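Comments concern the structure below.
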Amino acid sequence: MPAGTLYRGREGMWSWVAHRVTGVLIFFFLFVHVLDTALVRVSPEAYDNVVATYKTPIVALLEYGLVAAILFHALNGLRVIAVDFWVKGARYQKQMLWTVVALWFVLMLGAIYPVLGHAARELFGS
């Protein structure tokens, strides 16, 4: 293989992997969401039981993970669009990735209370 053509697994590869993984996780959530929503037509009592399990602290952590996946996927998708359609996009792709990660981190910090507040009150009281 000629020198310089072997991909060495830098930031671009990891953003590619994270983009695919978050896409699959979001698809899995949508699949489960369609199934549990369809349950209301089959058995309203079973639907109520499923929805009751969604109010547990463990599911709140999963919801936080869902927010993390959607937010990263969206921000990284905008970065991919910039890399593809901006003339200088490929040159600045690494800086844009670190900007996406920093913005994602700040927004995830801001999402802690709105997403996990109910679970904290459930576990530790008001």
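Going by my numbering, the sequence shown opens with residue 1053, and the numbers climb by one from there.
Where is the CB? At the ideal position from N, CA and C, for every residue including glycine.
What you are looking at is a predicted structure, and each value in this text was computed from that prediction instead of being measured.
Asked: Roughly how many angstroms separate the alpha carbons of residue 1155 and residue 1087, rounded to a whole number?; Found: 33 Å
Asked: Would you call residue 1080 buried or exposed, if buried means 16 or more other Cβ atoms sit within 10 Å of its Cβ?; Found: exposed
Asked: Helix, strand or coil, according to DSSP, for residue 1072 in the structure here?; Found: helix
Asked: In three-state terms, what does DSSP make of residue 1169?; Found: helix
Asked: Run the CB neighbour count on residue 1108, radius 10 Å, all protein chains shown included, and call it buried at 16 or more, exposed below.; Found: exposed
Asked: Using only the alpha-carbon positions, how far apart do residue 1053 and residue 1136 sit?; Found: The predicted position of residue 1053 is uncertain, since its pLDDT is 49 and thus under 50; a value taken from the coordinates is nonetheless stated next. Distance between the alpha carbons of residue 1053 and residue 1136 is about 26 Å.
Asked: Would you kindly check if the distance between the Cβ of residue 1160 and the Cβ of residue 1123 is under 8 Å?; Found: yes
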